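Okay, structure first, notes after.
Residue numbers (this note's numbering), protein chains in the order written: chain W, 49 to 312; chain Y, 146 to 233.
Below, the structure written as structure tokens:
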């Protein structure tokens with residue numbers, strides 16, 4: 049199989065890009081793929097913390113680009129999964145420490161070693177964004193059901209198209225089915241009605257995400273989490289499987305659990 | 146119960162409809178890349194051209210963009226004070 053370089057982007061900050069990268073990367077590695085996650089958010093490094101790998105960093109992306117170390121020296125191996133690596137961002141440098149051509153060359157080097165390269169793009173549309181998308185084959189856009197986030201996603205679609213990434217896939221994060229049902233939250237159809245992208249997945253707002261982030265363990269490994277299941281589905285779709293959208297009509301009460309136990 | 150009462154008393158449905166409508170309008174303007182300044186310039190040119198043929202109420206002039214699923218339209222509402230006599 050040819051390797052694939054995915055960039056996860058959004059425009060707006062705080063919609064769940066880093067969490068999405070951590071879960072997609074971990075999910076793909078769990079399926080036996082060789083994966084590297086690249087934190088392209090130079091100056092605001094976070095993916096290491098979400099992955100629980102913050103204590104293992106020696107070198108970073110800028111060190112590699114500037115030739116201060118070899119690529120292999122900067123890759124941080126995951127604690128849990130074989131074949132999962134992180135290339136951390138520099139924390140004390142500026143975004144312009146890297147140029148798009150350098151990122152492209154880096155992605156091509158990583159392609160030699162890995163099945164998937166998953167890039168965590170910084171928020172915004174400036175230099176950091178241009179760097180992050182420079183070497184990507186495909187873009188995933190994360191948004192939440194809010195006017196501001198969807199608006200920024202729409203802007204990103206335009207910018208990606210101008211850079212030749214013509215078919216970005218959409219991930220809608222933090223859906224609250226109860227609020228959608230009450231008519232107090234923009235629904236999946238409404239978001240995609242205006243963006244008109246291929247929908248890669250929908251992730252319910254779930255406390256288990258906060259708990260897993262506190263622990264530095266991606267929720268995709270949690271068998272009992274709805275958000276984890278949503279991420280496992282997204283990973284399967286990236287791998288080309290045809291998985292239907294999961295029902296967001298959760299019944300987690302006592303009766304619901306009892307029903308689940310008896311399989312009804 | 147309180148939630149139920151709230152829903153009965155509220156006449157505009159959920160806040161979602163309002164959000165979707167705002168999203169729709171903001172995207173029309175973003176996508177058309179029409180800055181407010183640009184719209185003002187368009188308005189002034191429209192006034193100049195139309196004034197050659199009829200006397201219009203410049204204060205009441207309203208020019209906006211609107212769109213449905215498939216297309217975007219320039220919608221202009223231009224109140225006419227009186228028609229100018231033809232020259233010949």
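Built from N, CA and C at the ideal position, the CB exists for glycine as well.
As the structure is a prediction and not an experimental result, all values here were calculated from the model.
Taking a cut of 9 angstroms between CB atoms, which residues from the region 197 to 213 of chain Y lie near chain W? Listed by position, the residues of the region 197 to 213 of chain Y near chain W (Cβ gap below 9 angstroms) amount to none.
Simplified DSSP state of residue 244/W, which is helix, strand or coil: Looking at residue 244/W - three-state DSSP - the assignment turns out to be coil, as it is neither helix nor strand.
Quick one: list the residues of chain W neighbouring residue 172/Y, beta-carbon separation under 7 angstroms, in chain order. Going along chain W in sequence order, the residues near residue 172/Y (Cβ under 7 angstroms) are 199, 202 and 242.
Should residue 54/W go down as buried or exposed, given a rule of 16 or more other Cβ atoms within 10 Å for buried? Here residue 54/W is buried. Its C-beta has 16 or more other C-beta atoms within 10 Å.
Integer Cβ distance of residue 86/W from residue 167/W, believed to fall under 8 angstroms: Right, their Cβ atoms sit about 5 angstroms apart.
Taking the Cβ atom as the reference point for each residue, do residue 188/W and residue 152/W lie within a distance shorter than 7 angstroms? In this structure, residue 188/W sits away from residue 152/W, with a CB-CB distance that is not shorter than 7 angstroms.
Quick check: what's the CA-CA separation for residue 182/Y versus residue 253/W? One Cα belongs to residue 182/Y, the other to residue 253/W, and the distance between them is close to 40 angstroms.
On the CB-based measure, 16 or more other CB atoms within 10 Å of its CB, does residue 295/W come out buried or exposed? So residue 295/W ends up on the exposed side.
Residue 156/Y versus residue 206/W: straight-line alpha-carbon distance, rounded: Here residue 156/Y scores only 48 on pLDDT, less than 50, and its place in the model should not be relied on; the value that follows carries that caveat. The alpha-carbon of residue 156/Y is positioned some 37 angstroms away from that of residue 206/W.
Could you tell me whether the Cβ of residue 215/Y comes closer than 7 angstroms to any Cβ of chain W? For residue 215/Y, no CB of chain W lies under 7 angstroms from its own CB, so it is not counted at the interface with that chain.
Which residues in the same chain as residue 190/Y place their Cβ atom closer than 8 angstroms to its Cβ, once the five residues preceding and following it in sequence are excluded? Nothing meets the Cβ criterion.
Counting only beta-carbon separations shorter than 7 angstroms, does residue 167/Y have a partner in chain W? Interface residue, yes.
Could you tell me the alpha carbon to alpha carbon distance between residue 72/W and residue 128/W, rounded to whole angstroms? Answer to the nearest angstrom: the Cα atoms are 15 angstroms apart.
Please list the terminal residues of the continuous alpha helix (DSSP H) segment that includes residue 196/W. Here the alpha helix (DSSP H) through residue 196/W covers 195 to 210.
Please check if any C-beta of chain W sits within less than 7 angstroms of the C-beta of residue 218/Y. Closer than 7 angstroms: no.
Spatial distance of residue 178/W from residue 148/W (CA atoms): Put simply, the backbone Cα of residue 178/W is about 6 angstroms away from that of residue 148/W.
With 16 as the cutoff for other CB atoms within 10 Å, does residue 56/W come out buried or exposed? Buried, since its Cβ has 16 or more Cβ neighbours within 10 Å.
Uninterrupted alpha helix (DSSP H) stretches inside the region 157 to 229 of chain Y (no shorter than 4 residues): Uninterrupted alpha helix (DSSP H) stretches at least 4 residues long and entirely within the region 157 to 229 of chain Y occur at 161 to 177 and 181 to 196, given in chain order.
When you compare only the Cα positions, how much space is there between residue 63/W and residue 78/W? Looking at the two C-alpha atoms, the distance is approximately 24 angstroms.
Who are the Cβ neighbours of residue 200/W in its own chain at under 6 angstroms, not counting the five residues just before and after it? Around residue 200/W, the same chain offers 59 and 60 as residues with beta carbons nearer than 6 angstroms, after the five sequence neighbours per side are excluded.
Using 7 angstroms as the threshold, is the C-beta distance between residue 70/W and residue 98/W below it? Cβ atoms of residue 70/W and residue 98/W: closer than 7 angstroms.
Let me check one thing: in DSSP terms, what residues is residue 249/W bridge-paired to? 219/W.
Looking only at DSSP bridge pairs, what is residue 134/W linked to? Secondary-structure assignment with DSSP links residue 134/W through a beta bridge to 85/W and 124/W.
Give me the chain Y residues within the contact set of residue 238/W, using Cβ-Cβ distance strictly less than 7 angstroms, ordered along the chain. Simply 165.
Would you report the Cα separation of residue 246/Y and residue 209/Y, rounded to the nearest angstrom? Since the first residue of chain Y shown is 146 and the last is 233, residue 246/Y is not available in this structure.
What does the Cβ neighbour count give for residue 244/W, buried or exposed, with the cut at 16 atoms within 10 Å? It counts as exposed.
Please determine, among 247/W, 285/W, 119/W and 194/W, the residue with the shortest C-alpha to C-alpha distance to residue 167/Y. Nearest Cα to residue 167/Y within the set 247/W, 285/W, 119/W and 194/W: 194/W.
So is residue 228/Y buried or exposed if we call it buried at 16+ other beta carbons inside 10 Å? Of the residues assessed, residue 228/Y falls on the exposed side of the cut-off, its CB having fewer than 16 other CB atoms within 10 angstroms.
Determine the contact status of residue 84/W and residue 154/W, defining contact as a CB-CB distance below 7 angstroms. Not in contact: residue 84/W and residue 154/W (Cβ atoms no closer than 7 angstroms).
Would a check of beta-carbon distances place residue 234/W closer than 7 angstroms to chain Y? Yes, residue 234/W lies at the interface with chain Y (some Cβ there is under 7 angstroms from its Cβ).
Could you please tell me which residues of the region 180 to 200 of chain W, in chain order, have their CB closer than 7 angstroms to any CB of chain Y? The region 180 to 200 of chain W vs chain Y, Cβ under 7 angstroms: 195, 198 and 199.
Note down, in chain order, every chain Y residue with its Cβ under 8 angstroms from the Cβ of residue 231/W. The contacting residues are 158, 159, 160, 161 and 162.
Which chain W residues sit within Cβ distance under 9 angstroms of residue 140/Y? What is shown of chain Y runs 146 to 233, which leaves residue 140/Y out entirely.
Please tell me whether residue 82/W and residue 144/W are closer than 7 angstroms, where the distance is taken between their beta carbons. Residue 82/W places its beta carbon 7 angstroms or farther from that of residue 144/W.
To the nearest angstrom, how far is it from the Cα of residue 114/W to the Cα of residue 223/W? Roughly 41 angstroms separates the two Cα atoms.
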